[in-house]
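In the working numbering, the protein residues as written are 327 to 858.
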């Protein structure tokens, strides 16, 4: 390697700034060193790291001959990490075509790893991904652990756990990434027993493995399982929790109302000097708010040095939840003063706060300015908040007008809310005007109208509604009745003949247990009745 080439290469190894990289690049061109694989590769890598994909692509495209495989790998990898990752697939196709004519550009294990990873970002490219898998087997790279990991993860993303399991089983060597990817596939797909079995067999676990298992429990509302898994991790002492784990277990505490456990986790975070990232701070605020300790939530919020949209929204939502609409609106005003733009979720929280605290004018003003001030078009949930706001205030005619002006089809929830408000305010006339819309979309409206007539003492109408409902019993639009049951501290809603609920087996077991106890109590009661 010539002296100038060595000097330029050493400069590139020092990871210079973008401006310095461009100066070195100019020297490479000036000294006619563009044929150097090392210099070209370093320039592609540095431009990619600086987010200058256009410059990286120019370096690659201006290589004076057919680029060797490792340069293809660098540019494919660069695109695979960005929003333009589909370009990786176009480059792979081009490389594959050229490789058929020249041995310099034949895909290797790195090529397949980067390309398959790029496929994982696009759920519509299963066919392309499967073709890559076929090529991997044909060229003998299926024994490579990185390629295998990419394939397992790709099939997990495509919700093809059987295919992921097949790749896993055929791999001659696996690492923690392999095991974790498959555990994630089963956990996110709702196959918790399979995830648990695989997790138990893992030769070694890291913080990501634990995070995946705990998040799987939380994602399927198995909150007590998540906390038990977290405690097991701490007892083992092999790894320290990461941000994802803290967020998941705090979410579990919030759903269970486990204030003491949540406070202990907060103490653990502080004791171990864990940085309060935006996600952790948001999870703490949410946990305290849902556990009824809004003052603690405020303390966490006030202790944050740099607040972002997530933390502001979490506190606004918590204040709204506690009926502190005035405080929520004040927080919203302060957030805007700090030039933080609200999103859909923030506005739902603020509108809910207005609704629960009777701030009708403020709520209407915020709703009417959503698009003009923040560029957010009202969605169904925003209309739902507005209608709830007007209904609670007794402005039923305005609420009905808002329904009719919606640029989308209202759902049954909105109509039921209107009918409930009619019942509360004794407005049978409006209920009759909207009932024909309700019956077309949601059979549950019959129940609400029947209750409305009953509250007004109009028993003839109650009878007519019930007879009408009975006549339409076979109508597919009628809404089945729902019930609630508590399992492991979590309340679940389920329907008549429900087969789709993710925990229907446990629900049925709990129902059978309840029925056995009722039967036992009846038997004991009968025994006492007839023997006293």
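The beta-carbon is built from N, C-alpha and C at its ideal position, and this holds for glycine as well.
I need the DSSP call for residue 696, collapsed to helix, strand or coil.
Note: residue 696 maps to helix in three-state DSSP.
May I ask you to report which of helix, strand or coil DSSP gives residue 793?
Reduced to three states, the DSSP call for residue 793 is helix.
Report buried or exposed for residue 446, applying the criterion of at least 16 other Cβ atoms within 10 angstroms of its Cβ.
Result: buried.
CB-CB under 7 Å to residue 493, same chain, minus the five flanking residues each way: which ones, in chain order?
If we look at residue 493 and ignore the five residues flanking it on each side, its Cβ neighbours are 474, 477, 478, 481.
So residue 358 is in the alpha helix (DSSP H); what residue range does that whole segment cover?
Where residue 358 is concerned, there is no enclosing alpha helix (DSSP H), given that its DSSP letter is neither H nor E.
Thinking C-alpha only, which one of 719, 513, 504, 723 is nearest residue 548?
With distances taken between Cα atoms, residue 548 lies closest to 513.
Taking the alpha helix (DSSP H) that residue 537 falls in, what are its first and last residues?
Looking at the DSSP string, the run of the alpha helix (DSSP H) that includes residue 537 is 533-545.
Does the Cβ-Cβ distance between residue 583 and residue 616 come in under 8 Å?
Yes, they are a contact pair.
Sorted by chain position, which residues of the same chain lie with C-beta nearer than 7 Å to residue 576's C-beta, five sequence neighbours on each side aside?
Answer for residue 576: 588, 591, 609, 610, 613, listed in chain order.
Do the stretch 521-529 and the stretch 561-575 make contact, defined as three or more Cβ pairs closer than 8 Å?
With a cut-off of 8 Å, the stretch 561-575 and the stretch 521-529 do not count as touching, because too few Cβ pairs lie within range.
Quick one: Cα of residue 750 to Cα of residue 661, how far?
Rounded to whole angstroms, residue 750 to residue 661 spans 35 Å at the Cα level.
Tell whether a beta-carbon distance below 8 Å holds between residue 676 and residue 666.
The answer is no: Cβ separation not under 8 Å.
In whole angstroms, what is the alpha-carbon distance linking residue 788 and residue 717?
Going by the C-alpha atoms only, they are around 23 Å apart.
Taking the alpha helix (DSSP H) that residue 559 falls in, what are its first and last residues?
Note, residue 559: alpha helix (DSSP H), 549-562.
Thinking just about the alpha-carbon of each residue, which of 344, 353, 346, 707 is nearest to the one in residue 332?
The residue with the shortest Cα to Cα distance from residue 332 is 353.
Measuring CB to CB, does residue 709 end up less than 8 Å from residue 756?
No, these two residues do not count as a Cβ contact at 8 Å.
So residue 680 packs on residue 722, CB below 8 Å; how close in whole Å?
The Cβ separation is near 17 Å, so there is no contact.
Excluding the five sequence neighbours on either side, which residues of its own chain have a C-beta within less than 8 Å of the C-beta of residue 637, listed in chain order?
Counting only Cβ-Cβ distances below 8 Å, and skipping sequence neighbours, we find 604, 607, 608, 611, 627, 630.
Provide the residue span of the alpha helix (DSSP H) that contains residue 439, from first to last.
Note, residue 439: alpha helix (DSSP H), 435-445.
From 491, 409, 499, 408, pick the residue whose C-alpha is nearest to that of residue 469; which is it?
Of the listed residues, the one whose Cα sits closest to residue 469 is 499.
When burial is assigned at 16 or more other CB atoms within 10 Å of the CB, is residue 539 buried or exposed?
Residue 539 comes out buried.
Leaving aside the five residues before and after residue 410 along the sequence, list all residues of the same chain whose C-beta is less than 8 Å from its C-beta, in chain order.
Cβ neighbours of residue 410 beyond the five flanking positions: 379.
Specify the secondary structure class of residue 607 as computed by DSSP and reduced to three states.
If DSSP states are grouped into helix, strand and coil, residue 607 belongs with the helices.
Straight-line CA distance for residue 672 to residue 600?
Each residue's Cα considered, the two are about 27 Å apart.
Starting from residue 865, follow the alpha helix (DSSP H) in both directions and report where the run begins and ends.
Any property of residue 865 remains undetermined from this structure, which presents the chain solely from 327 to 858.
Within its chain, find whatever has a CB closer than 7 Å to the CB of residue 400; leave out the 5 residues flanking it on each side and keep chain order.
The answer, listed in chain order, is 367, 370, 371.
Hey, would you say residue 521 sits closer than 8 Å to residue 574, going by beta carbons?
Contact flag unset, no.
Distance, Cα to Cα, residue 329 vs residue 597?
When rounded, the distance between both Cα atoms is 54 Å.
Whole angstroms is fine: what's the gap from residue 863's alpha carbon to residue 696's?
No statement about residue 863 is possible, as the shown extent of the chain runs from 327 to 858 and does not include it.
Please identify the residue among 586, 348, 669 whose C-alpha is closest to the C-alpha of residue 622.
It is 586.
Can you give me the C-alpha to C-alpha distance between residue 729 and residue 747, rounded to a whole angstrom?
Using only the alpha carbons, I get a separation of about 14 Å.
I'd like to know whether the C-beta atoms of residue 397 and residue 359 end up nearer to each other than 8 Å.
No; because the gap between Cβ atoms is not below 8 Å, this pair is not in contact.
Could you give the uninterrupted runs of the alpha helix (DSSP H) lying entirely in the stretch 639-721, keeping only those of 4 residues or more?
As far as the stretch 639-721 is concerned, its whole alpha helix (DSSP H) runs of at least 4 residues are 651-663, 670-683, 686-694, 696-700, 706-718.
Whole angstroms is fine: what's the gap from residue 430's alpha carbon to residue 362's?
In a straight line, the C-alpha of residue 430 is about 15 Å away from that of residue 362.
By Cβ distance, which residues of its chain are closer than 8 Å to residue 624, with the 5 residues on each side in sequence left out?
Result list for residue 624: 641, in chain order.
Using 8 Å as the threshold, is the C-beta distance between residue 471 and residue 506 below it?
Result no, Cβ atoms of residue 471 and residue 506 do not sit closer than 8 Å.
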